[in-house]
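Enquirer: Position one of the sequence shown corresponds to residue -14 (the working numbering), numbered consecutively onward.
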Amino acid sequence: MTCKAGPRASPEEPTVYLARSLSCMQGSLLYKVPTTFLSCKQEALIRHSSDNYRSQCLVPQKFAMSDTSYWEQVQWTGGFDNETEFWASGPRSPLQIAVNTSIACLAFLGNGLVITVMLVRRRMFSSTVNRLILHQSIIDAITAVVFFLHRVVKDPIPVVSTENNFHDELICRFLYVDVLLWTMYMASTSNLVIISLDRFLATCYPLKHRKMISSQKVKFTGAIPWGVGLAHAFHFVFVFEPYQGYCRPVPVDPTLARATSLIAVTTEYLLPIVILLYTHARIYITLRKRNMRPGNPRQNFFRSAKENVRKIVLLVGSAFIICWTPAEFEFVAATFGIFVSESVYEAFIALVACNMVVNPIIYCFMYEHFRTQLKGVLRAGLRRNRVHHGQLPPT
């Protein structure tokens, strides 16, 4: 395997430039990359002075903003018997910060509104599906906060010591690879699947649904997404490790890396899509096959429900596919040594986060009962505001 660095702006020795570029790389993309490149890194670091390395890479903030020539493309020849590219990452651009902040704020405000209305009118939202929708909004609101902390507040260039202590392990194995963020993403997806399964049982097997669902079981069901999220993100803990002042990938056999990627894509993308499409399709077919006598008042109800399900099928499936597909394709491509630029990768991750923005729109703002209760909460707030300012409330 050989490796080479892209064109550099400053006249310095190739070995020094290569070591600096490779040792200061950020891992927002690398955590998905099979690590067959370590020999190049180690060779570069061995040929480079460790003192010079520490002075220029252990405190990357000193040069990250002043000398952008360090953050250039590094090309690798090797990997899975083909030429791949890796991009060194620098500080986030103002555009990235603005986009990520906007997504986090919209997601938090939208889901926060849903939580507020459902808690204020909890008696009107006591059914199983409403509890699950409330849980969905709570998960997505927390995800918005975690997304903001990881994609806006957190320094994208980790600084660790050369001692490989517990603090360094925590940074490289948890913070560097966004374990908590991907835990929340998977928890949100899992709860979305649970909502679909609940509606599937309630529509297609109503008697079984009544017997199966209880208050205790709903509470137990609420714990499932968190467990699934933690289990899914746990493998990220073994992807990076501290090494001589930076976070490096743990050596992984290419076959194992591809198998892990396949499992990850299946659990966080393919399986949820199959369940969502199947359950909503069965709901629509069941409603369509129910024959009602002309003039029966229930006919209009089922007809309206059928149209509503049709819209939900389209919106839920489309939103999930649109938000997750680019990132998942990039995931698979990176496993086979095909990388995209950091800006494209960040755009894909931002698109994944947009899924938590549309969830309250799909499940609540198109929900007529929710809209009615929202209007009631707003009217009550306006009446209190008028009384506070000395005006009589409307009679």
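Heads up, the beta-carbon is just placed ideally off N, CA and C, and yes, glycines get one too.
(1) Counting Cβ pairs closer than 8 Å, one from the region 193 to 206 and one from the region 136 to 143, do we hit at least three?
(2) Do you know whose CA, among R243, H354, P239, L166, lies nearest V137's CA?
(3) By a C-beta neighbour count over all protein chains shown, 10 Å radius and 16 as the cutoff for buried, is Y55 buried or exposed?
(4) Considering only the beta carbon of each residue, do V337 and A312 sit closer than 7 Å?
(5) Contact check, I88 vs C349 under 8 Å by CB: the rounded distance?
(6) I need the boundaries of the alpha helix (DSSP H) containing C157, first residue and last residue.
(7) Under a Cβ-count criterion, where at least 16 other Cβ atoms within 10 Å of its own Cβ denotes burial, should D125 be classed as buried or exposed?
(8) Please state whether DSSP places R108 in a helix, a strand or coil.
(9) Using a Cβ distance threshold of 8 Å, determine whether the region 355 to 367 contacts the region 148 to 158, with at least three qualifying pairs required.
(10) Quick check on the DSSP output: the alpha helix (DSSP H) that includes E331 runs from which residue to which?
(11) Any contact between the region 310 to 325 and the region 260 to 269? By contact I mean 3 or more CB pairs, one from each, below 8 Å.
(12) For the alpha helix (DSSP H) that contains F185, what are its first and last residues?
(13) Are the Cβ atoms of T271 and C189 separated by less than 7 Å?
(14) Under DSSP, the beta strand (DSSP E) around F205 begins and ends at which residues?
(15) How long is the line joining the alpha carbons of F110 and R273, rounded to whole angstroms?
(16) Would you call the region 88 to 105 in contact with the region 314 to 321, where contact means no fewer than 3 C-beta pairs closer than 8 Å?
(17) For F225, write down the residues that DSSP places opposite it in a beta bridge.
(18) Would you identify the three-state DSSP class for I323, choosing helix, strand or coil?
(19) According to the Cβ coordinates, are M169 and V131 closer than 7 Å?
(20) Taking C-alpha atoms, which residue in H354, E148, D163 lies nearest to F219?
(21) F93: buried (16+ other C-beta within 10 angstroms of its C-beta) or exposed?
(22) Applying the criterion that 16 or more other CB atoms from any shown protein chain within 10 Å of the CB defines a buried residue, is I307 buried or exposed?
(23) How about G230 and T147: are their beta carbons less than 7 Å apart?
(24) If we count the other Cβ atoms within 10 Å of its Cβ and call it buried at 16 or more, is L3 buried or exposed?
(25) Given this structure, state the Cα-to-Cα distance separating R356 from V250, to the nearest angstrom.
(26) Just to confirm my understanding: we take F333, look at its own chain, exclude 5 residues before and 5 after, and list those with CB closer than 6 Å. What are they?
(27) Which class does V144 belong to by DSSP, given the choice of helix, strand or coil?
(28) Run the CB neighbour count on D153, radius 10 Å, all protein chains shown included, and call it buried at 16 or more, exposed below.
(29) Just how far apart, CA to CA, sit I260 and L134?
(30) Can you grab the Cα-Cα spacing for the pair I180 / N85, in whole Å?
(31) Note the first and the last residue of the continuous alpha helix (DSSP H) segment covering H120.
(32) Expressed to the nearest angstrom, what Euclidean distance is found between the alpha-carbon atoms of P236 and F324?
(33) Measure the alpha-carbon distance for S122 versus M341 and round it to whole angstroms.
(34) Whole angstroms is fine: what's the gap from F151's alpha carbon to L359's?
Expert: In short:
(1) In short, these stretches do not touch, since the Cβ pair count stays below three.
(2) Translated into the one-based positions of the sequence shown, residue 137 becomes position 152. Of R243, H354, P239, L166, the residue nearest in Cα terms is L166.
(3) As a working note, residue 55 is residue 70 in the sequence shown. Reliability fails at Y55, whose pLDDT of 33 lies under 50, so the model's placement of it is uncertain and no value is given.
(4) Position 352 of the sequence shown, counted from the first residue, corresponds to residue 337. Position 327 of the sequence shown, counted from the first residue, corresponds to residue 312. Yes, they are a contact pair.
(5) Within the sequence shown, numbered from 1, the residue matching residue 88 stands at position 103. Within the sequence shown, numbered from 1, the residue matching residue 349 stands at position 364. Contact doesn't hold; Cβ gap of about 18 Å is too wide.
(6) In the sequence shown, the residue the question calls residue 157 occupies position 172. Note, C157: premise wrong, no alpha helix (DSSP H); not H, not E.
(7) The sequence position of residue 125 within the sequence shown is 140, counting from 1. Burial call: buried.
(8) Here residue 108 is taken as the residue at index 123 of the sequence shown, counted from 1. In the structure shown, R108 sits in a helix (DSSP, three-state: H, G or I).
(9) Per the Cβ contact rule, the region 355 to 367 is not in contact with the region 148 to 158 (fewer than 3 Cβ pairs under 8 Å).
(10) Counting from 1 along the sequence shown, the entry for residue 331 is found at position 346. Counted as a single uninterrupted DSSP element, the alpha helix (DSSP H) harbouring E331 occupies residues 327 to 345.
(11) The region 310 to 325 makes no contact with the region 260 to 269: fewer than 3 CB pairs, one atom from each, lie closer than 8 Å.
(12) If you number the sequence shown from 1, residue 185 lands on position 200. Secondary structure note for F185: its alpha helix (DSSP H) is the uninterrupted segment 164 to 189.
(13) Here residue 271 refers to the residue found at position 286 when the sequence shown is read from its first residue. Here residue 189 refers to the residue found at position 204 when the sequence shown is read from its first residue. Taking 7 Å as the cut-off, the beta carbon of T271 is found closer than this to the beta carbon of C189.
(14) Position 220 of the sequence shown, counted from the start, is the residue given in the question as residue 205. Per DSSP, F205 lies in no beta strand (DSSP E) segment; the continuous alpha helix (DSSP H) that holds it begins and ends at 200 to 218.
(15) For the purposes of this step, residue 110 is taken as residue 125 along the sequence shown, with counting starting at 1. For the purposes of this step, residue 273 is taken as residue 288 along the sequence shown, with counting starting at 1. Cα to Cα, the separation comes out at about 27 Å.
(16) With the cut-off at 8 Å, the region 88 to 105 and the region 314 to 321 do not touch.
(17) Translated into positions along the sequence shown, residue 225 becomes position 240. Beta-bridge pairing links F225 to P234.
(18) Stepping through the sequence shown from its first residue, residue 323 is reached at position 338. I323 falls in the coil class under three-state DSSP.
(19) The residue given as residue 169 occupies position 184 in the sequence shown. The residue given as residue 131 occupies position 146 in the sequence shown. Yes; because the gap between Cβ atoms is below 7 Å, this pair is in contact.
(20) Taking the sequence shown and counting its residues from 1, one reaches residue 219 at position 234. The shortest C-alpha to C-alpha distance from F219 to any of H354, E148, D163 is the one to D163.
(21) One-based indexing of the sequence shown puts residue 93 at position 108. That one is buried.
(22) Within the sequence shown, the letter at position 322 stands for residue 307. Its Cβ having fewer than 16 others within 10 Å, I307 is exposed.
(23) In the sequence shown, counting from the first residue as 1, residue 230 sits at position 245. In the sequence shown, counting from the first residue as 1, residue 147 sits at position 162. The Cβ atoms of G230 and T147 lie closer than 7 Å to each other.
(24) Here the question's residue 3 lines up with position 18 in the sequence shown. For L3, the predicted structure reports a pLDDT of 36, less than 50, and the residue's modelled location is therefore unreliable. A value from the coordinates is still provided. Under the 10 Å beta carbon count, L3 is surrounded by 16 or more other beta carbons and is classified as buried.
(25) By 1-based counting over the sequence shown, the position of residue 356 is 371. By 1-based counting over the sequence shown, the position of residue 250 is 265. It is roughly 36 Å from the alpha-carbon of R356 to the alpha-carbon of V250.
(26) Stepping through the sequence shown from its first residue, residue 333 is reached at position 348. Correct list, in chain order: P311, A312, E315.
(27) Taking the sequence shown and counting its residues from 1, one reaches residue 144 at position 159. Look at V144 here: in three-state DSSP terms it is coil, with no helix or strand label.
(28) As a working mapping, residue 153 is identified with position 168 in the sequence shown. With 16 or more other Cβ atoms within 10 Å, it is buried.
(29) Position 275 of the sequence shown, counted from the start, is the residue given in the question as residue 260. Position 149 of the sequence shown, counted from the start, is the residue given in the question as residue 134. Their Cα atoms are separated by approximately 31 Å.
(30) For this step, residue 180 is matched to residue 195 along the sequence shown. For this step, residue 85 is matched to residue 100 along the sequence shown. Distance between the alpha carbons of I180 and N85 is about 27 Å.
(31) If you number the sequence shown from 1, residue 120 lands on position 135. That run of the alpha helix (DSSP H) goes 113 to 133.
(32) Stepping through the sequence shown from its first residue, residue 236 is reached at position 251. Stepping through the sequence shown from its first residue, residue 324 is reached at position 339. If you draw a straight line from the Cα of P236 to the Cα of F324, it is about 19 Å long.
(33) Mapped onto the sequence shown, residue 122 falls at position 137. Mapped onto the sequence shown, residue 341 falls at position 356. Between S122 and M341, the C-alpha separation is close to 8 Å.
(34) For the purposes of this step, residue 151 is taken as the residue at position 166 of the sequence shown. For the purposes of this step, residue 359 is taken as the residue at position 374 of the sequence shown. C-alpha separation (whole angstroms): 48 Å.
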